[in-house]
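So the sequence shown is numbered by the working numbering: it starts at 9 and just counts up by one. Only one structure is covered here, and it is reproduced in the block below.
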Amino acid sequence: MSFNNLQLIDPILKALSNEGYTTPTPVQEKSIPVILQKRDLLACAQTGTGKTASFALPLLQLLYGQKQAPSHHPKVLVLVPTRELALQVSESFAAYGKYLPLKQVVIFGGVSQHNQVRALQQPVDVLIATPGRLLDLISQGYSLVKEIQYLVLDEADRMLDMGFIHDVKKILARLPQQRQTIFFSATMPPEVQKLSDSLLKQPVKIEITPPATTVEKIEQSVYHTDKPSKPSLLLHVLKDFAGESTLVFARTKYGADKIAKGLNRAGISAAAIHGNKSQGARQTALSNFKTGKISVLVATDIAARGIDIDGMGCVINYELPNIPETYVHRIGRTGRAGASGIAISFCDAEEQPYLKDIQKLINKTIPVVKGHPFETAHPQPAVPAPKAPAPAQKPQQNRKQWKGHHFHSRHKKTGQQSPAMRGNNMAG
């Protein structure tokens, strides 16, 4: 299957070719035809499956096909939970619509509304917004949603987690009843299911990569250690990823700041992003991470949602999450859109129950790295991981040329090792 088989128009195919994309991901393959048929869609798909392109591509085509005169009232509304995701969706629409005469505007809170309002005074086809800023502008009298024909609600479960569902419902009440609705969520808790039932009319339902299987192509490992040793263990592990993009997850905002400061003191360029950071600081950190000016980004779960970085070398769980599904979301940021990746977790005594819950969810015993300098005793797993033959030792072997084996050549790891593979699919 290629994008040529999805009935996309030449200007969009040309833009995809420019971006280097030739093969649709499963969510794109299933969603694009449904949206082009103007059917409502309910999709359960996680970040990293290519979902942004799965709605951006067909919506751009539908708008172009209408050939309407320029209007100050947008026809497409994309609601997203975070500023970072809003910017990334905006970048996607701009890239895929490069050869189309369509305009898009992105609005979000945390910055002055002046430039956003000025942009909205020009003709606009696609409006990408966070709920708070959109509702604020509507309450000020700006007519932004009265001609919406296509609604995308992206990461609905995160909207719920962040307390935005009430704002979303207020916005939805102002939209035209006659519209096409596209609903994406990584999970389907009861309140999100109830919201989708109220919005969608005879939707096509698709589910992409349930949580237990998303981790199959990701090479996972766990280091047993104690809490005071984690800073030193992090420095030890990062030696294997010098110069590569590494995302480190912390449980708290304070913890993220503390980790980033410690890394910088040790000479490793790092920055933290979380809800207490200013919008400018968060955007600067993300930009520096994408361009390679910093090699390590330390994030909390909410701040990291929607981050889309190509070529992510590794994800490190400095602290294990207490919700096992969050582990799957975290490690899915390496191994994007079908490619393989590396995920490392630190586990102290208090986190042992979290590790058990995670392994139960993914139906797999995560291999343990043994023999590292900060190792502590740990309970033996009920089901031992299968042991792979020890690879031949090559002390000066370049890690980038050794993608088929784990990078810890100096440690013994129990568990089966996964082959690393690189794909030509598009992450969204």
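C-beta: ideal position from N, C-alpha, C; glycine also.
Rounded to whole angstroms, the Cβ separation of residue 23 and residue 104 is 5 Å, and the two are in contact under 8 Å.
Look at the beta carbons and you see the stretch 132–146 touching the stretch 90–108: at least three pairs across the two are nearer than 8 Å. Close CB contacts of residue 368 within its chain, under the 8 Å cut and outside five residues either way in sequence, are with 332 (chain order). It is roughly 43 Å from the alpha-carbon of residue 307 to the alpha-carbon of residue 75. For the stretch 280–358, the full-length alpha helix (DSSP H) segments reaching 4 residues or more read 287–299, 309–312, 332–339 along the chain.
Minimum Cα-Cα distance from residue 249 among the listed residues 262, 176, 54, 321 corresponds to 321. Between residue 46 and residue 157, the gap from beta carbon to beta carbon reaches 7 Å or more.
For the pair residue 274 and residue 242, the CB atoms are not nearer than the 7 Å cut-off.
The continuous alpha helix (DSSP H) containing residue 122 extends over residues 122–128. For the pair residue 254 and residue 372, the Cα-to-Cα distance works out to about 24 Å. Contact between residue 84 and residue 62 is ruled out by a C-beta separation of about 14 Å, above the 8 Å threshold. At least 7 Å separates the beta-carbon of residue 310 from that of residue 277.
Residue pairing from DSSP leaves residue 116 without any beta-bridge partner. In this structure, residue 152 sits away from residue 191, with a CB-CB distance that is not shorter than 7 Å. Burial is judged here by how many other beta carbons sit within 10 angstroms of a residue's own beta carbon; residue 282 has at least 16 and is buried. DSSP places residue 208 outside both helix and strand once states are collapsed to three, so it counts as coil. In this structure, residue 168 places its C-beta atom within 7 Å of the C-beta atom of residue 200.
Taking the CA atoms as reference points, residue 88 sits about 10 Å from residue 172. Residue 87: not part of any alpha helix (DSSP H); member of the beta strand (DSSP E) spanning 84–87, first to last residue.
Looking at the backbone, the Cα of residue 90 and that of residue 117 are separated by about 9 Å.
Between the alpha carbons of residue 178 and residue 208 lies a gap of roughly 16 Å.
The beta carbon of residue 110 lies closer than 6 Å to those of 71, 133 in the same chain, with the five residues before and after it left out.
Considering only 15, 330, 379, the residue with the shortest C-alpha distance to residue 73 is 15. Under the DSSP definition of a beta bridge, residue 193 partners with 52. In this chain, the alpha helix (DSSP H) harbouring residue 366 covers 360–370. Beta-bridge annotation (DSSP): residue 161 is paired with 87, 191. It is roughly 17 Å from the alpha-carbon of residue 80 to the alpha-carbon of residue 122. A check of alpha carbon separations from residue 327 across 297, 289, 291, 366 identifies 366 as the nearest. By the neighbour-count criterion, in which a residue is buried when 16 or more other Cβ atoms sit within 10 angstroms of its Cβ, residue 375 is buried. Non-local beta-carbon contacts of residue 226 in its own chain, meaning distances under 8 Å to residues more than five positions away in sequence, involve 339, 340, 342, 343, 348, 349, 350, 351, 426 in chain order.
Of the other Cβ atoms in all chains shown, 16 or more fall within 10 Å of the Cβ of residue 166; this residue is therefore buried.
Scanning 54, 377, 379, 41 for the CA closest to the CA of residue 215 turns up 54. In this structure, the CA atom of residue 300 is about 16 Å from the CA atom of residue 271. A distance of 7 Å or more separates the beta carbons of residue 119 and residue 291.
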